[in-house]
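Under this note's numbering, read the sequence shown as residues 3 to 279, first letter to last. Backbone N, C-alpha and C fix where the C-beta goes; we use that ideal spot for every residue, glycine too. All values reported here derive from a predicted model rather than from experimental measurement. Here is the structure we will look at.
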Amino acid sequence: MVLSPLLSNSLLSVCLRNFACVTLTKNLIRNRYTRALPPTILAKIFGNNGKSFGKDATSNSSLQKTFNFVSPCLKEELLCKISEPIKDCDHKVTIVGTGMVGVALANSLLFQRTTSHIAMVDVFPNKLEGEGMDFSHGSVFIGNPKIEYDTDFCVTSNSKVVAICAGVRPVKGETRLDLAKRNTEILKTIIPPLINYSPNAVFVVLSNPVDILTWVTWKLSELPVHQVIGSGTHLDSARFRYLIADRLQIAPGSVQAYIIGEHGDSMGELCRSICDI
Numbered sequence: 003m004v005l006s007p008l009l010s011n012s013l014l015s016v017c018l019r020n021f022a023c024v025t026l027t028k029n030l031i032r033n034r035y036t037r038a039l040p041p042t043i044l045a046k047i048f049g050n051n052g053k054s055f056g057k058d059a060t061s062n063s064s065l066q067k068t069f070n071f072v073s074p075c076l077k078e079e080l081l082c083k084i085s086e087p088i089k090d091c092d093h094k095v096t097i098v099g100t101g102m103v104g105v106a107l108a109n110s111l112l113f114q115r116t117t118s119h120i121a122m123v124d125v126f127p128n129k130l131e132g133e134g135m136d137f138s139h140g141s142v143f144i145g146n147p148k149i150e151y152d153t154d155f156c157v158t159s160n161s162k163v164v165a166i167c168a169g170v171r172p173v174k175g176e177t178r179l180d181l182a183k184r185n186t187e188i189l190k191t192i193i194p195p196l197i198n199y200s201p202n203a204v205f206v207v208l209s210n211p212v213d214i215l216t217w218v219t220w221k222l223s224e225l226p227v228h229q230v231i232g233s234g235t236h237l238d239s240a241r242f243r244y245l246i247a248d249r250l251q252i253a254p255g256s257v258q259a260y261i262i263g264e265h266g267d268s269m270g271e272l273c274r275s276i277c278d279i
């Protein structure tokens, strides 16, 4: 295309616009483009000559047929809502206490997709907010679960499972009974509101001493025995199986062994078999 240098700026602009329109139309027809062009680009090409773009364009217009125009525009396509946020589900899990055990439990539940709804409660607001924000910000990578956290127990309402991870750490020289007394006082403050908001939940106790505190939780809650469970010696059994497997240079899954009794100094081992899997 050769343009005369004698053309005025206004005529030159019109010629360039028409040339771009014809060229673009030919390319679209030749290559059979089906991707919609945003109305802003079309407006720049054709100018404000009364044509409608975007959602206002008629489905039978020549412009619509030429460009195979699809509404909404590109911006709306990119920013459209793909899925709704997770709402309350029937397998909500509440974690009481956001210490190392509570955070590890939340990680395990979320990464294994065991639940899509977690509520966390703690008496330390700064610690709770930090952990809650971490899980909320990372929820995009783990299936968009619903993460709730608050110092108020109302956030635990309608839980399917309540995990008790709250408790104080033992100090040097402190006996298990002394630790049990201190953690019992904590349970007296948290069990009643938890029962009030989730009377049908299953309570899993992980605080130490776990055997004593499981019994205390059962007595305070007045729930049926099948609704209060302690972690017991499950962790000790896992450690025992690993140590045997490490000594024999085999996989831990090939060892069937258990620790029975209390989660403490008086526990005992029960070796069943070592199998080759």
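Residue pairing from DSSP places His119 in a beta bridge opposite Lys148.
Bounds of the beta strand (DSSP E) holding Phe205 are Val204 to Val207. Cα atoms of His139 and Asn146: separation of roughly 10 Å, rounded to the nearest angstrom.
Taking the C-beta atoms as reference points, Ser161 is found no nearer than 8 Å to Thr100. With fewer than 16 other Cβ atoms inside 10 Å of its own Cβ, Phe113 counts as exposed. Ile144 and Arg115 have their alpha carbons spaced roughly 8 Å apart. The three-state reading of DSSP puts Val95 in strand, counting E and B together. Annotation for Ala165: the continuous beta strand (DSSP E) segment containing it runs Val163 to Ile166. Judged by DSSP in its simplified three-state form, Val230 adopts strand. Here the alpha carbons of His265 and Gly234 stand approximately 6 Å from one another. Shown here, Asp124 sits in coil according to DSSP, grouped into three states, outside any helix or strand.
Between Ile149 and Val98, the C-beta gap is not smaller than 8 Å, which leaves the two residues out of contact. If you ignore the 5 residues before and after Ile246, its C-beta comes within less than 7 Å of the C-beta of Val257 and Ala259, all in its own chain and listed in chain order. Look at the beta carbons and you see the stretch 117-129 not touching the stretch 197-205: under three pairs across the two are nearer than 8 Å.
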